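Student: After the structure tokens below, expect a handful of questions from me.
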Amino acid sequence: MARRTIIAGNWKMNLLPDQAESLVMSLVAVTENKPDLEVVVFPPTALIPYAGEWVSGSSLQFGAQNCWHELSGAFTGETSPELLRALGCGYCLVGHSERREIFGESNDLIGLKTRALIQMKITPIICVGESLDEREAGTHLEKIKSQVESVFDAVEMSSWLRLVFAYEPIWAIGTGKTATPDQAEEIHRHIRDLIRERAGEALSEGISILYGGSAKPSNAAELLGKENIDGLLVGGASLKAEDFSNIISVF
Ligand code: 13P
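With this note's numbering applied, the sequence shown covers 5 to 255.
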């Protein structure tokens, strides 16, 4: 089964409504006539209701950067996956390293969120990745294994084809320091091997794995040329119309 190819733009906590609208407008034309590519932007939560109108009639998609794992209830300040579904989100990021590090999200919580998103038919993009200390100590493969396996433990195998992973080494996020294509490919292969060990060849080959961490026009083609890199999760460069368009134009 062919894997989905996805170019995703994580805007993080940036952009006001008019800035976001003009960015979306300039991306709409670039995403036309690319039937094998999914382009998804992730605005801040408060802009999600506008995003549905901005992308309507185009092939550009949008998603949320985070959600809670219950569908409703007394969870002040949180966002329900059911509400995200109602607002038209096709995707939601889960377990971004900023959520894990700044907001203390655990592997167990990330598993619960992933399960809730699957229930709501929203594609979760589960972010995994190691810190510089972990890479230097040689524990990075173990770290990623525990992050990936906690998702497997939370989600029925019959839904695994709906999962997307994103490898985002923390030391490469917002630092301008990209993992080399070979470093990224090694981890993507590792994640695919973990899937194969648990679920066999078909699922292992069917699940898309994106790379994120200082992805930009100058390194996009080389990263995307690797066998196990199925797309990019772009931060800073997704806020600039020209840079993000140039990344999309690699296809
Ligand atoms: P940068 O592309 O700014 O390094 O951010 C990557 C990221 O965190 C995407 O989720």
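C-beta: ideal position from N, C-alpha, C; glycine also. For clarity, every value in this text was computed on a predicted model and none was experimentally measured.
Suppose contacts are defined by Cβ-Cβ distances below 8 Å. Is Cys96 in contact with Ile126 by that definition?
Tutor: One thing to note: Cys96 has its Cβ within 8 Å of the Cβ of Ile126.
Student: For the candidate residues Gly108, Glu102 and Val59, whose alpha-carbon lies nearest to that of Glu172?
Tutor: Glu102
Student: Quick check on Leu51: does DSSP put it in helix, strand or coil?
Tutor: helix
Student: Identify which residue in Phe66, Val159, Ser242 and Glu209 has its Cα closest to the Cα of Gly178.
Tutor: The closest CA to that of Gly178, considering only Phe66, Val159, Ser242 and Glu209, is found on Ser242.
Student: Leaving out five residues on either side along the sequence, give the residues of the same chain with a beta carbon under 7 Å from the beta carbon of Leu87.
Tutor: In its chain, beyond the 5 residues on either side, no residue has a beta carbon closer than 7 Å to the beta carbon of Leu87.
Student: What first and last residue would you give for the alpha helix (DSSP H) that runs through Ser101?
Tutor: Ser101 to Ile106
Student: On the three-state DSSP scale, how would you describe Gln65?
Tutor: strand
Student: Give me the DSSP bridge partner(s) of Leu237.
Tutor: Looking at the DSSP assignment, Leu237 forms a beta bridge with Ala12 and Gly216.
Student: With a cut-off of 8 Å on the beta carbons, I'd call Leu165 and Ile211 a contact; round off their distance for me.
Tutor: 7 Å
Student: Examine ligand 1 and report whether any of its heavy atoms sits within less than 7 Å of the Cβ of Glu172.
Tutor: yes
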